[in-house]
Each structure stands twice: as C-alpha cells, then as structure tokens.
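These notes concern the structure reproduced below.
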Amino acid sequence: MSYVFPPPPVVSVPVVGREQRFAVHRIYCVGRNYEEHAREMGFTGREPPFFFMKPADALVVVPPDEVVDVPYPPLTANYHHEIELVVAIGVGGKQIRAADAMRHVYGYAVGLDMTRRDLQSDMKKQGRPWCIGKAFDHSAPIGAITPAAGAGDITQAEIAVQVNGQDRQRSLISKLIWNIPETIEHLSAAWELQAGDLIYTGTPEGVAAVVSGDTMTGTITGLESIQVRVV
Ligand code: MN
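The numbering used here applies: residue 616 is where the sequence shown begins, and numbers increase by one.
Spelled out as structure tokens, the structure:
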C-alpha cells in the first residue's frame, strides 16, 4: 500500500505507568452536563444529553509536569476554558446499557474543551452547527490517561481549573447531570463506540475567557493535572 502523500500520524495520549500509548479514534463531547453551567448558559431542567464532536487531531497532549503552549485561535474575541473529565473508552460497543458501561471504560484524564464562545453563540442563534466554535485546531488539551483501577473513586473527585493561580471553575464529578454510565448508554445508542474513543463529559459553572499570556491549571482528584499556556 502506498499513499499520494504521507498519511497523518496516529494521534495518541500517554498512559500513566505504562510504556504503551492510548491511540485515539474519536472525540465526543457532552453539552450542558452540570446544572449550574446549564443555568449560566440560559437553560434549566434536565434535558436528554446531547453530543458534539471534535476531530482527534484537535488534541493537545499535556505531559505531567510540563506547561504546553496553545495558540490563541483566530476569529474570536471570547476564547473560553471548559474544564472536563475525559473518559477513555477501551472496549467498543453499541447500545451499551448503563449497568454494563463501566466494563467499556479504560481510564480517565483531565481535559479542556476550549471554546470560541462568540462563534458558538452566533451559530446557536442562527441554528447552525457548532463546529467553528468547538472543533477548531488545538481545541482539546488533554493530560495523561490514568487507568480506571488507579484513579480511585472518580465519582467522588473534585474538578477545577485555575487561571494564573486564581480559581475559575471548581465543582464535583458527582454533580454531573448524566453520570458516566448514563452518558455511555446514551452515546452508544447513537454511535457504535470504538476502543480509542474519548468522551469529554461536560463542564461545571464558571466558564470564562482567557487571553494570551494566561496559564490554565486543570485538576481532577486522582488524575494527572495539566498546565496550558495561551500564546
Ligand atoms: Mn464542554
């Protein structure tokens, strides 16, 4: 087999305590999955989970104890952080029931669903797709994946992001509207999940803008932290 140009490299994320890396298939994201964030975006009540995607090559891998630069993206004047728990799928499947869902989870990571909020809001108003607001280059920083067995009880973890050392978002994974098994049940009803899929599970309240020179520190209890600087 040969190609008319060199194929892109396999996108992968390091795994804590292992030589082997986690090869990425797709990135799914859950919208409005914490009540207080749904409220700050102008919505109330429990609605069925909904999903959007980012391309796998939008990932920015942030190794432990490193600060990784991300470029301030074009076309926006309102570039937002959304700190999120990322679930890494190790065993694929479709129509997975919530009761069986945890067998499909490989591990967890800290992620940022970076958002061009002004573009996303424009697209919402016009009833157009969110891609330009969500699925742009470098829009998905992620830390090393911790295998589930080493992550402690993730359902009790705290999730937070600081910008330049100041708290911006701080909440608990237990406040997810749709928890991890329920999210997998809904997602796998719509798409057949594959080993290598990542699920950004949604962000708590406190989303806000960052500008060039800001450093974001994302943490989730039991997982590797990430540090990302906007340049
Ligand atoms: Mn998000």
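All C-beta atoms in this analysis are idealised placements derived from N, C-alpha and C, irrespective of residue type, glycine included.
inquiry  = Tell me whether the region 675-692 and the region 805-815 touch, counting them as touching only if at least three CB pairs, one residue from each stretch, are closer than 8 Å.
reply    = These segments do not touch.
task = If I'm right that Ala750 touches Pro670 with Cβ under 8 Å, what's the distance once you round it to whole angstroms?
result = Contact flag correct, Cβ pair sits at about 6 Å.
request  = Would you mind stating whether Val725 and Val701 have Cβ atoms separated by less than 9 Å?
outcome  = Yes, the pair counts as a contact, with Cβ atoms nearer than the cut-off.
request  = Check the DSSP bridge columns for Tyr815 and list the partner residues they point to.
outcome  = As a beta-bridge residue in DSSP terms, Tyr815 pairs with Cys644 and Val701.
ask   = Cβ-heavy atom distance between Thr730 and ligand 1 below 8 Å?
value = At a threshold of 8 Å, Thr730 counts as near ligand 1, since its beta carbon sits closer than that to one of the ligand's heavy atoms.
query = Is the Cβ-Cβ distance between Ile769 and Leu727 less than 9 Å?
reply = No, Cβ-Cβ distance for Ile769 and Leu727 is not below 9 Å.
request  = Under the assumption that Val822 contacts Met831 (Cβ atoms under 8 Å), give the Cβ distance between them as a whole number of angstroms.
outcome  = About 12 Å separates the two Cβ atoms, so there is no contact after all.
ask   = Using CA coordinates, which residue listed in Val846, Ile757 and Tyr649 is at the minimum distance from Gln784?
value = Out of Val846, Ile757 and Tyr649, Tyr649 has the C-alpha closest to the C-alpha of Gln784.
ask   = Assuming Gly705 contacts Val683 under a Cβ cut-off of 8 Å, what Cβ separation, rounded to an integer in Å, is found between them?
value = Contact between Gly705 and Val683 is ruled out by a C-beta separation of about 25 Å, above the 8 Å threshold.
query = Can the beta-carbon of Ala703 be found less than 9 Å from the beta-carbon of Ile774?
reply = Not a contact, by the Cβ cut-off of 9 Å.
inquiry  = For Arg783, report the span of its alpha helix (DSSP H) as first-last.
reply    = First-last for Arg783: Gln781 to Leu787, but that is the beta strand (DSSP E), not the alpha helix (DSSP H).
ask   = Relative to ligand 1, is the shortest distance from any of its heavy atoms to the C-beta of Gly705 smaller than 8 Å?
value = Flag unset: Cβ of Gly705 not near ligand 1.
task = Decide yes or no for the touch test of the region 708-715 against the region 627-635: beta carbon pairs closer than 8 Å, at least 3 of them.
result = Not touching, per the Cβ criterion.
message = Within a Cβ cutoff of 7 Å, which residues of the same chain sit near Leu734, ignoring the five residues on either side of it in sequence?
response = Here the set comprises Leu690, Thr691, Ile747 and Gly748.
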